[in-house]
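Colleague:
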Amino acid sequence: MVTVTLSEDQNTPNLSSEADTVNASLAGTLNGNDEIDGLAGIDALILSAAQSVTFEADTLINFENVSITGGAQVITTHDATVASDKSLIVNAAASADSVFWDGSAETDGQFEITGGSAGDTLIGGAQGDTLSGGGGEDVFRYTNAFADGDVIAGGAASDTLQVVGEGNFTSVSSISSIERISISGTNASAVFADHLTAGSLTLSGAGSFAFIVMSGVEYDLSNLDTSALSEDEATIQVGVQVGAATTLIAPTAFAAIMVGGTGDDRLSGGGGHDWLSGSAGADSIYGAAGDDTMKGGNGDDLLVGGSGEDRLFGGDGHDLIKGGSTGDVLSGGEGDDTLVGEDGDDNLTGDTGDDQLSGGAGFDFLTAGDGDDTLVGGEDGDELYGGEDDDVLRGGAGDDDLCGEDGDDHLSGGTGSDWLCGDAGNDTLSGGLGADLLIGGAGNDLLVGGAGDDSLAGVSGADTLAGGAGSDEYAASDGITLLDWSPGEKLIFDSATALTTRGISRSGNTLTFDTDADNTSDISVTISGVALGASFSVAIADGDAEVTYTAPSPNSGSEGNDDDGVVVVDEPTDSGSGSNVRTVTNTGSTPGSAAIVEGTENNGNVVTATIPTGVTLTAEGPELAQTPDTTRPNLLGAIDARDPSGKPGLLSGASSFLDGLDPNTVLDVRTIVISASSQSLSAPIVFEGSVSGTDETQSEAFVIDLHALPTGSQVVLDNIEFASIIGSATITGGSGDNYAIGDDAAQFISLGVGDDTLFGGGGSDTVASAGGNDRLFGDGGDDRVTGGEGSDTLEGGTGDDTLVGGSGDDQLVGGSGLDVAQFSTSAPVFADPIARDSGRVTVEGSDSMESVEVLVFADRKTIVTHDAATSATAFDELGYLAANDDVAAAVAVGMFSSALEHYTQFGRYEERSGVASFPFDERYYLDAYSDVAEAVMGGSFSSGLDHYQRVGHAESRDPTAAFSSAYYLTRNPDVATAVARGQFASAYEHYREVGAGEGRAASAFFDTAKYLAAYSDVDAAGINPLDHYLSTGIFEGRTGFLTDDYTL
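Residue numbers (numbering that gives the first Met the number 0): 0 to 1047.
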């Protein structure tokens, strides 16, 4: 063992193979030309005075320890200083002076360096070094280096990791207590893994800072101090290389580039202009402040913009994309996406897939792309453009521009003065409120102007045009049909200055026009509701021909025969009765018209009926129009006299109508009986009433008996205030606020613009209205009730009904039975179950629910509503009996009233098998089975569940709206046979024991196979999929799926 003290001269001490000590106690006594070889043993160099030296190959070798006790040190080692696979421990913990130790030349040895209480600079070598700063403000410097295996520990003060050039820290053992990171030099970059806790790091310099998540589940950069960075010179990047779901949070005040991994990641931007990409997985990306760019990548992603002008791209998968408070750009990418612009002037593009686009507030630009898309403009003046396929475009509020482009599109302007263009395909255009311009384009289009002074142009094809309320204009083209061309409204012929009245010819409801005066018809137009005696006039204005017509004066009511074969016969009833009867018969070859109410002495009301050939119509009623109270006996008596099915509903509906009228209204009441001589009608029967002026209160109430008409007959009501419909037919209508009631026959009643009130009555009806704030009631039977634009109230009544609210804020009330609410958009993401009586769905408006059991969406997803007060987990009666034959026998002979009674008294103590549970919906069960509800009310059963467990299951009753015994047995004849033979007690027993495992659908609203395919965790767990959905899935935002045989 040798102890040596160095001098200022060259030192070449002879050391031993034992533990030697070399002291450098005088400043400058450690020199580069020294040759100090520790040989074997554990040797130590003690530096107690300042040294500044650059080692040569032999300066210091075979030493294990360097102890620094004082003096400022500036030492640069040589590659030979530490032998291969050896370590040199440098400890300056006892020193109060600074240490600069540069070991960067070392390639095959390791350093373990501990600084002192002053500010040290420590530079390791190429191997896995341990660098500990100590108490001062230390600097750990890396120059174009990899820190593989290093341990970097900063200490108590504020320490800096300094990167010159390129530094890679992804494979360090650990980094701790570092407060600053600085980069400088050419191609400066620093790459870190999540060994580094970002915390409140301060970044400085010019170049790239990169952070890679390799093992963690969250990486938060929100507290980074980036005040010393310039976005023109520096970048911050964050990436994920782990499969687990990871949360990335960007810096608060600096732009970041963040890329997720293969898991379901969550990325949150900060205050800068961030670039956020989810990559694979179902990612959630939030923009926060700044003008951010977000990309979902593969998977079903959620993208939400913030307060900046953001760009959001969904990528592959079924994505939900929401803008923020300013003007954003949203693009769906591949898959069936939902895009919501929110506030600001947004640009939305659906791309491929069946997408749902909603602009929200602001002046938005929406483009459909490929697929059957739904576009909704929102609150302000928007531009909506369809794409390749069959799209639905709704302008909403504001002056909107809508163009369907290719496909058979449905366009609805909403409020405001809108511009609608169908373009290619057979399109349906509805202007809504306001003065709208509707242009059909190629194809056979339907154009409905709605309220306001509209302009309609079919352009080409066999188009149908209906202006609706207001003073409308029509552009003439060959083959169009005008449904409600009114006197004074213009039919405009482009550049047809040669057209005169001599060039207009009429045959029945067909008008032909010789526009160039060459005695040859150029344009043919079909009209509806224009009396045969109408006179036409032509005016030339601005180089175009404008055709209008004047309605004929009402005839005197005497018996006569018009030129078109319409025979009108008037005969009074009993003398002095104050009533008369008018019979209208069409003996001609084309439809013809006649007045059935004309100029009643005290209100000037005129109602015209247009009937096809072979039809006879008899209208009977008082000669004078009367006030509601006076005429009530007439109207109710007219209904009673026809003795219709469902008479009570017709009578109460008529009374409600009269109660709602202004007391000063004068009302024409008619009983109308229609018959036909053929087995089918060649055209609809049209009733067209007068439009009341601002100071007029005229109205009419018709009792229309259609029993004698052939199946499939159609009746059109235009400006008919009240109609009581008796018999089966298709009833359609145009403008006006209509009130119609059907009897117990199956009817199709669909009226147009106006605030309508419709009652389907008994029977399985279709009840619909296109526009206005309507009240629509299915009443008895399995009905389909459809609203349109406006805020509608829909009630299904009794039976299994389907409610379609349409646009606007609607109220959907199912009533008793299994009721379904249907929406034309994809299912949104719901965080909580939809309550059966207070649920709200905001997709085509904000619709409220009451007594609606199932929600169905355009992407064929379903949601069963939840009634927290009555949904319960029930004892599995069938499973218990199947597992315990002795109990089944005892129940069969009456020893126990049910399996549950046995289990409660004995089975649970005997630890019997077969004890399981299943979801039971008490509310649905009592709504669906009125006889059970009555039995419970009468005390025969304590509850619906009690009934089901005792007898209901054996009667094939359904415990929940998601299971249908009728559907299950119809679609599975083998099960029906097995149940009939007694192999299974019911369809539900088969489903629980066998069918669910075979992937059989529980009902049209729950496709078992699709549920398992969508949720692999349920499949892997071996859980009954229907039980899982009803007890767990609806609380997790999962949905059911329609079967392929269900038609939307």
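Even for Gly, the Cβ is constructed at its ideal location relative to N, Cα and C. What you are looking at is a predicted structure, and each value in this text was computed from that prediction instead of being measured.
Measure the C-alpha to C-alpha separation of F1049 and G564 and round it to an integer number of angstroms.
Modeller: Only positions 0 to 1047 of the chain appear in this structure, which leaves residue 1049 out of reach.
Colleague: Mapping DSSP to helix, strand and coil, what is H706?
Modeller: In the sequence shown, counting from the first residue as 1, residue 706 sits at position 707. If DSSP states are grouped into helix, strand and coil, H706 belongs with the strands.
Colleague: Give me, in chain order, the residues of the same chain whose beta-carbon lies closer than 8 Å to that of T1053; leave out the 5 immediate sequence neighbours on both sides.
Modeller: An answer regarding residue 1053 cannot be provided, because it is not within the stretch 0 to 1047 covered by the chain.
Colleague: Looking at C-alpha atoms only, which residue of W100, V524, A540, G40 is the closest neighbour of T511?
Modeller: In the sequence shown, counting from the first residue as 1, residue 511 sits at position 512. Ranking the options by Cα distance to T511, first place goes to V524.
Colleague: Can the beta-carbon of E111 be found less than 8 Å from the beta-carbon of N143?
Modeller: Translated into the one-based positions of the sequence shown, residue 111 becomes position 112. Translated into the one-based positions of the sequence shown, residue 143 becomes position 144. Cβ atoms of E111 and N143: not closer than 8 Å.
Colleague: Please list, in chain order, all residues of the same chain as T787 whose beta carbon is under 6 Å from its beta carbon, the five residues on each side excluded.
Modeller: Here residue 787 refers to the residue found at position 788 when the sequence shown is read from its first residue. A small fix is needed here, since residue 787 is Gly in this sequence, not Thr. Excluding positions up to five away in sequence, the list reads S768, A769, G770, G805.
Colleague: So the alpha helix (DSSP H) M293 belongs to, where does it begin and stop?
Modeller: Along the sequence shown, one-based indexing puts residue 293 at 294. From DSSP, M293 is part of no alpha helix (DSSP H) but of the beta strand (DSSP E) over 292 to 294.
Colleague: Which residue from S837, T841, E794 puts its Cα closest to that of D818?
Modeller: For this step, residue 818 is matched to residue 819 along the sequence shown. Nearest of S837, T841, E794 to D818, Cα basis: E794.
Colleague: Buried or exposed for I837, going by 16 or more other Cβ atoms inside 10 Å?
Modeller: As a first step, residue 837 must be located in the sequence shown, where it is residue number 838. Ile is not the amino acid found at residue 837; the sequence shown has Ser there. By the neighbour-count rule (16 or more Cβ atoms within 10 Å), S837 is not buried but exposed.
Colleague: Could you compute how far the alpha carbon of I35 sits from the alpha carbon of I174?
Modeller: Stepping through the sequence shown from its first residue, residue 35 is reached at position 36. Stepping through the sequence shown from its first residue, residue 174 is reached at position 175. Straight-line Cα distance between these residues: approximately 34 Å.
Colleague: Within 10 angstroms of the Cβ of E558, are there 16 or more other Cβ atoms? Answer buried if so, exposed if not.
Modeller: Residue mapping note: residue 558 aligns to position 559 of the sequence shown, counting from 1. Residue confidence for E558 is low, a pLDDT of 42 falling below 50, so the modelled location carries little weight and cannot support an answer.
Colleague: Among residues of its own chain, excluding the 5 on either side of I177, which ones have a beta-carbon nearer than 6 Å to its beta-carbon?
Modeller: Counted from its first residue, the sequence shown places residue 177 at position 178. Closer than 6 Å at Cβ, skipping near neighbours: G153, D158, L160.
Colleague: Which word fits G198, buried or exposed, when buried means at least 16 other C-beta atoms lie within 10 angstroms of its C-beta?
Modeller: For the purposes of this step, residue 198 is taken as the residue at position 199 of the sequence shown. Looking at its Cβ environment, which holds fewer than 16 other Cβ atoms inside 10 Å, G198 is exposed.
Colleague: With a Cβ-Cβ cutoff of 8 Å, do D390 and D371 count as a contact?
Modeller: The sequence position of residue 390 within the sequence shown is 391, counting from 1. The sequence position of residue 371 within the sequence shown is 372, counting from 1. Contact: yes.
Colleague: In whole angstroms, give me the CA-to-CA distance for F747 and P647.
Modeller: If you number the sequence shown from 1, residue 747 lands on position 748. If you number the sequence shown from 1, residue 647 lands on position 648. If I take the Cα positions, the gap works out to 20 Å.
Colleague: Given a cut-off of 8 Å, decide if N30 and A43 are closer than it, judged by their beta-carbon atoms.
Modeller: On the sequence shown, residue 43 is found 44 positions in, with the first residue counted as 1. On the sequence shown, residue 30 is found 31 positions in, with the first residue counted as 1. No.
Colleague: If you follow the beta strand (DSSP E) that A227 is in, where does it begin and where does it stop?
Modeller: Locating residue 227 in the sequence shown gives position 228, counting from the first residue. That run of the beta strand (DSSP E) goes 224 to 227.
Colleague: Nearest by alpha-carbon distance to A79: which of D291, Q109, A360, F312 is it?
Modeller: Taking the first residue of the sequence shown as 1, we reach residue 79 at position 80. Checking every option, the nearest Cα to that of A79 belongs to Q109.
Colleague: Quick one: residues in its chain with C-beta nearer than 6 Å to the C-beta of H989, no 5 flanking neighbours on either side, listed in chain order?
Modeller: Here the question's residue 989 lines up with position 990 in the sequence shown. These residues qualify, in order along the chain: V974, F983.
Colleague: In this structure, does DSSP put T976 in helix, strand or coil?
Modeller: Here residue 976 refers to the residue found at position 977 when the sequence shown is read from its first residue. The answer is helix: DSSP assigns T976 an H, G or I state.
Colleague: Answer with buried or exposed for A538, where buried requires no fewer than 16 other C-beta atoms within 10 angstroms of its C-beta.
Modeller: Indexing the sequence shown from 1 puts residue 538 at position 539. By the neighbour-count rule (16 or more Cβ atoms within 10 Å), A538 is not buried but exposed.
Colleague: Just verifying my parser: in three-state terms, what is the DSSP assignment at G692?
Modeller: Taking the first residue of the sequence shown as 1, we reach residue 692 at position 693. Here the model assigns G692 a pLDDT of 48, short of 50, so the residue's position is not dependable and the matter cannot be decided.
Colleague: Is there contact between the segment 117 to 135 and the segment 145 to 152, where contact requires at least three CB pairs shorter than 8 Å?
Modeller: Counting Cβ pairs under 8 Å, three or more are found: they touch.
Colleague: So for K85, helix, strand or coil by DSSP?
Modeller: Mapped onto the sequence shown, residue 85 falls at position 86. The answer is coil: DSSP assigns K85 none of H, G, I, E or B.
Colleague: Quickly, what does DSSP pair V212 with across the bridge? List them, please.
Modeller: Here the question's residue 212 lines up with position 213 in the sequence shown. V239.
Colleague: Kindly list the residues whose CB is nearer than 7 Å to the CB of A39, restricted to its own chain and excluding five residues on each side of it in sequence; keep chain order.
Modeller: Position 40 of the sequence shown, counting from 1, holds the residue named residue 39. Cβ neighbours of A39 beyond the five flanking positions: S16.
Colleague: My understanding is that A961 touches V863, with C-beta atoms under 8 Å, so please give their C-beta distance in whole angstroms.
Modeller: Here residue 961 corresponds to residue number 962 of the sequence shown, with the count starting at 1. Here residue 863 corresponds to residue number 864 of the sequence shown, with the count starting at 1. That belief holds up - the Cβ atoms of A961 and V863 are roughly 5 Å apart, short of 8 Å.
Colleague: Just mark D231 as buried or exposed, buried being the case when its beta carbon has 16 or more other beta carbons within 10 Å.
Modeller: Stepping through the sequence shown from its first residue, residue 231 is reached at position 232. That one is exposed.
Colleague: According to DSSP, what are the bridge partners of W100?
Modeller: On the sequence shown, position 101 is the one that residue 100 refers to. BP columns for W100 point to I74, L121.
Colleague: Under DSSP, the alpha helix (DSSP H) around P632 begins and ends at which residues?
Modeller: Locating residue 632 in the sequence shown gives position 633, where the first residue counts as 1. Segment 627 to 641, the alpha helix (DSSP H) holding P632.
Colleague: If E488 and T547 are in contact, beta carbons under 8 Å, what's the gap, nearest whole angstrom?
Modeller: The residue given as residue 488 occupies position 489 in the sequence shown. The residue given as residue 547 occupies position 548 in the sequence shown. That belief holds up - the Cβ atoms of E488 and T547 are roughly 7 Å apart, short of 8 Å.
Colleague: Does G937 come out as helix, strand or coil in the three-state DSSP assignment?
Modeller: The sequence position of residue 937 within the sequence shown is 938, counting from 1. Coil.
Colleague: Grouping DSSP H, G and I as helix and E and B as strand, with all else coil, what is L1014?
Modeller: Along the sequence shown, one-based indexing puts residue 1014 at 1015. The residue asked about is misnamed: residue 1014 is Tyr in this sequence, not Leu. Of the three classes helix, strand and coil, the one that applies to Y1014 here is coil, per DSSP.
Colleague: Work out the CA separation of E217 and Q810 for me, nearest whole Å.
Modeller: Taking the first residue of the sequence shown as position 1, residue 810 is located at position 811. Taking the first residue of the sequence shown as position 1, residue 217 is located at position 218. Computed Cα separation, rounded: 43 Å.
Colleague: Going by the DSSP bridge assignment, what does F312 pair with across the sheet?
Modeller: Your numbering for residue 312 matches position 313 in the sequence shown. Note: F312 sits in a beta bridge opposite K294, S330.
Colleague: Does the distance from the C-beta atom of A434 to that of S416 stay below 8 Å?
Modeller: Taking the sequence shown and counting its residues from 1, one reaches residue 434 at position 435. Taking the sequence shown and counting its residues from 1, one reaches residue 416 at position 417. The answer is yes: Cβ separation under 8 Å.
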